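Add 2 to a position in the sequence shown, counting from 1, and you land on the number used in this note's numbering. Glycine included, each C-beta is placed from N, C-alpha and C at the ideal position. Keep in mind it's a predicted model, so treat the numbers as computed, not measured.
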Amino acid sequence: MRRASIHTPEHALLVALLRDRRLEAGLTQQEAAARLGRPQSYVSSIETGDRGLDLFQVRELAALYGSDFLAFAADLEQRLASKPVRPLKRRKPGA
Numbered sequence: 003m004r005r006a007s008i009h010t011p012e013h014a015l016l017v018a019l020l021r022d023r024r025l026e027a028g029l030t031q032q033e034a035a036a037r038l039g040r041p042q043s044y045v046s047s048i049e050t051g052d053r054g055l056d057l058f059q060v061r062e063l064a065a066l067y068g069s070d071f072l073a074f075a076a077d078l079e080q081r082l083a084s085k086p087v088r089p090l091k092r093r094k095p096g097a
């Protein structure tokens, strides 16, 4: 099974939305990390796209930033829907 890359436009939209929500909540990375019981580098690595996230981590962060998970997911879906669709690159046979 192929693992999904965290270096995708979709992942970039997710971390941008998380960062926006943190800033709207008036929290620094240090403050958010302290509330999570984590070092500041944890939040930084999420926001730079260097750390993958599972659904429960996204839910935890959304709640920390004062966002209902379903509302957060709807906002993410709206951002994803408004981004340009890029065509899939297909391999040529024999390549």
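In the three-state reduction of the DSSP assignment, Pro11 falls in the helix class. Here Leu55 carries a coil assignment [DSSP, helix/strand/coil]. Ranking Gln42, Gln80, Leu55, Tyr67 by CA distance to the CA of Gly28 puts Tyr67 first. In this structure, DSSP gives Ala27 a state outside helix and strand, which the three-state scheme calls coil.
Rounded to whole angstroms, the separation of the alpha carbons of Phe58 and Leu72 is 13 Å. The three-state secondary structure of Ser69, taken from DSSP, is coil. Between Gln80 and Arg40, the alpha-carbon positions lie close to 30 Å from each other.
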